[in-house]
């Protein structure tokens, strides 16, 4: 499940002129050059890496904090601890499951590296919460561009990614609505530094959830 690459083909109708050999080719290639600074690579995560986040409920201004600490990195998994829960992620930081009972099949699928502006793809998620209630989320993931983001942990150069679509609870098709998730992924923090999350009420009218989560500290492992 990777990103679709977008290829732009431009046809030129040019008169025959005397120009240095290869000059026209150089112009066309210059338009498609992607520099290393445009690309976000997979993060190099180590045991002991620790992130603390602050989540603000924008409906009632309630603020909560939580910490995530990497316990182990295997060939295909990141094992981390958040409070008393043990959580598993892919090496791209896609959530798999938690000891609380929450799981995603096969994982959230939000991040695919290397990542760069202009990538887009369709995504279908299958979530089961700790109460064994199922939910499907389906929509489109778009990687927009690099931005300078200021959060409590500092200022970061971050790549903005948006996942927007519809959700439906397994209990009833009537329990459905719209959602939008926006992430700011910062290579220097080895993870996202801000997340905005919006969920509509069933039927798509009104707001059920509206939150912003920001990084307050990041401590690399030893």
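In our numbering, the protein residues as written are 5 to 226.
C-beta: ideal position from N, C-alpha, C; glycine also.
| Check | Outcome |
| --- | --- |
| Extent of the continuous beta strand (DSSP E) to which residue 61 belongs | 54 to 61 |
| Residue 143, buried or exposed, once every other Cβ within 10 Å from all chains shown has been counted against 16 | buried |
| Residue 137: first and last residue of the uninterrupted beta strand (DSSP E) it sits in | Unbroken run through residue 137: none, as it is neither H nor E. |
| Reference residue 185; option with closest CA among 214, 131 and 155 | 214 |
| Short Cβ contact (9 Å threshold) for residue 198 with residue 224 | no |
| Opening and closing residue of the beta strand (DSSP E) in which residue 91 lies | 89 to 93 |
| Option in 51, 162, 116 and 57 with minimal Cα separation from residue 190 | 162 |
| Residue 193 - DSSP class collapsed to helix/strand/coil | helix |
| C-beta atoms of residue 44 and residue 93 nearer than 9 Å | no |
| C-alpha gap between residue 40 and residue 120, whole angstroms | 10 Å |
| Start and end residues, beta strand (DSSP E) containing residue 100 | 99 to 102 |
| Bridge-paired residues (DSSP) for residue 129 | 141 |
| Touch test, the stretch 80 to 97 against the stretch 128 to 146, Cβ-Cβ under 8 Å, three pairs minimum | no |
| CA-to-CA distance, residue 187 to residue 30, given in whole angstroms | With a pLDDT of 44 at residue 30, under the threshold of 50, the modelled position of this residue cannot be trusted, and the question is left open. |
| Inter-residue spacing [alpha-carbon to alpha-carbon] between residue 212 and residue 52 | 35 Å |
| Reduced DSSP secondary structure (H/G/I, E/B, other) of residue 44 | strand |
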